[in-house]
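Trainee: Have a look at this one before I ask anything.
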Amino acid sequence: MVLQREFFQRDTVIVAKDLLGKKLIRKIGNRKCSGIIIETEAYRASDDPASHAGIRKTKRNRIMFEQIGRAYVYFTYGMYHCLNVVARNKKFNAGAVLIRGIYPQLGIDIMSKLRNNTKIQNLTNGPGKLTQALDITLQENGDDLTKYSSLYITNGIKIKKIHKKPRIGISRGTDKEWNFSIDPTDYF
DNA sequence: GACACGATTGGCT
DNA sequence: GCCAATCGTGTCC
171 MVLQREFFQR
181 DTVIVAKDLL
191 GKKLIRKIGN
201 RKCSGIIIET
211 EAYRASDDPA
221 SHAGIRKTKR
231 NRIMFEQIGR
241 AYVYFTYGMY
251 HCLNVVARNK
261 KFNAGAVLIR
271 GIYPQLGIDI
281 MSKLRNNTKI
291 QNLTNGPGKL
301 TQALDITLQE
311 NGDDLTKYSS
321 LYITNGIKIK
331 KIHKKPRIGI
341 SRGTDKEWNF
351 SIDPTDYF
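Just add 170 to the spot in the first sequence (first one is 1) and you have the working numbering.
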């Protein structure tokens with residue numbers, strides 16, 4: 171069952187936690203690739219100095235201010251893409267959840283080729299890695315993830331324990347513990 | 001118009 | 001553990 175729009179109409183931090191264990195699905199040609207979401211981070215609005223949306227709406231971050239349930243994809247470090255899902259409640263005018271890691275399920279052969287045949291444990295365990303494995307680029311920026319199409323999220327597995335940490339790779343907003351993850355060895 | 005830097009990764013020490 | 005790769009974007013002059 172694909173996640174409905176209402177799922178994303180809650181506090182960005184809550185949605186980040188609740189996305190753990192859900193299934194990310196990407197169709198490439200007539201094949202399906204998928205994985206269980208195991209790590210996420212919340213990035214909110216003007217209350218969050220680490221967020222792209224922390225200052226104002228710009229050309230790059232505009233999707234974060236638009237319809238919830240859509241993909242916010244950005245290009246970084248001159249070579250990698252990162253995938254977010256737009257989510258926020260009515261208190262904020264922007265927000266998104268960064269998908270930082272998935273546990274591969276379907277289409278491992280396709281993903282391996284896109285990742286130059288790396289080891290399975292290195293396939294999709296990072297934000298730049300999973301977009302490469304799933305062929306996600308700026309082409310997918312703004313795509314609606316609540317519809318069955320070439321990129322969407324469905325219900326997944328039941329979660330036991332959620333780990334909470336400060337977010338990775340940021341220099342501001344380090345006081346907020348908005349990185350959430352589950353331990354794959356608990357499930358797979 | 002210029003310039004510093006980043007929600008990263010992989011390779012080397 | 002450290003650092004280069006690589007370039008679009010945002011901010012500042």
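All residues carry an ideal CB built from backbone N, CA and C; glycine is no exception.
No experiment lies behind these values; they were computed from the predicted model shown.
Ignoring anything shorter than 4 residues, give me the alpha helix (DSSP H) runs that lie fully in the stretch 294-354, in order along the chain.
Mentor: 297-303, all fully within the stretch 294-354.
Trainee: Kindly identify the DSSP beta-bridge partner or partners of Ala266.
Mentor: Answer by DSSP bridge pairing, in chain order: Tyr213 and Val256.
Trainee: With Val243 as the anchor, note down where its alpha helix (DSSP H) starts and where it stops.
Mentor: That residue, Val243, is in no alpha helix (DSSP H); its beta strand (DSSP E) goes Ala241 to Thr246.
Trainee: For Phe350, count neighbouring C-beta atoms within 10 Å of its own C-beta (all shown protein chains included) and say buried if the count is 16 or more, exposed if not.
Mentor: Classification of Phe350: buried, given that the 10 Å Cβ count is 16 or more.
Trainee: Taking the straight line between their C-alpha atoms, what separation do you get for Lys283 and Glu209?
Mentor: If I take the Cα positions, the gap works out to 23 angstroms.
Trainee: Going by the beta-carbon positions, is the gap between Leu189 and Val243 smaller than 7 angstroms?
Mentor: No; because the gap between Cβ atoms is not below 7 angstroms, this pair is not in contact.
Trainee: I'd like to know if the stretch 243-256 and the stretch 297-307 are in contact, where contact means that at least 3 CB-CB pairs between them fall below 8 angstroms.
Mentor: Result yes; three or more Cβ-Cβ pairs closer than 8 angstroms.
Trainee: Does DSSP put Ile278 in a helix, a strand or coil?
Mentor: Ile278: helix per DSSP, three-state reduction.
Trainee: Between which two residues does the beta strand (DSSP E) containing Lys197 stretch?
Mentor: Run containing Lys197: Lys193 to Ile198, per the beta strand (DSSP E) assignment.
Trainee: Suppose contacts are defined by Cβ-Cβ distances below 7 angstroms. Is Phe262 in contact with Ala215 by that definition?
Mentor: A contact, by the Cβ cut-off of 7 angstroms.
Trainee: Where do the N-terminal and C-terminal ends of the alpha helix (DSSP H) with Lys229 fall, by residue?
Mentor: Here Lys229 belongs to no alpha helix (DSSP H), and DSSP marks it neither H nor E.
Trainee: For Arg342, collect the residues of the same chain with a Cβ closer than 7 angstroms to its Cβ; drop the 5 residues on either side in sequence, then sort them by chain order.
Mentor: Cβ neighbours of Arg342 beyond the five flanking positions: Pro219 and Ala220.
Trainee: From the DSSP secondary-structure annotation, give me the bridge partner or partners of Ser204.
Mentor: Ile195, per the DSSP bridge assignment.
Trainee: In angstroms with no decimal places, state the Cα-to-Cα distance between Ala186 and Ala212.
Mentor: Approximately 6 angstroms, taken between the alpha carbons.
Trainee: Going by DSSP, what residue range makes up the alpha helix (DSSP H) through Val172?
Mentor: Val172 -> no alpha helix (DSSP H), and no H or E assigned at all.
Trainee: Counting Cβ pairs, one atom from each stretch, are 3 or more of them under 8 angstroms apart for the stretch 333-348 and the stretch 199-207?
Mentor: Cβ pair count under 8 angstroms is below three, so no.
Trainee: Provide the residue span of the alpha helix (DSSP H) that contains Lys187, from first to last.
Mentor: Taken as a continuous stretch (DSSP letters only), the alpha helix (DSSP H) holding Lys187 covers Thr182 to Asp188.
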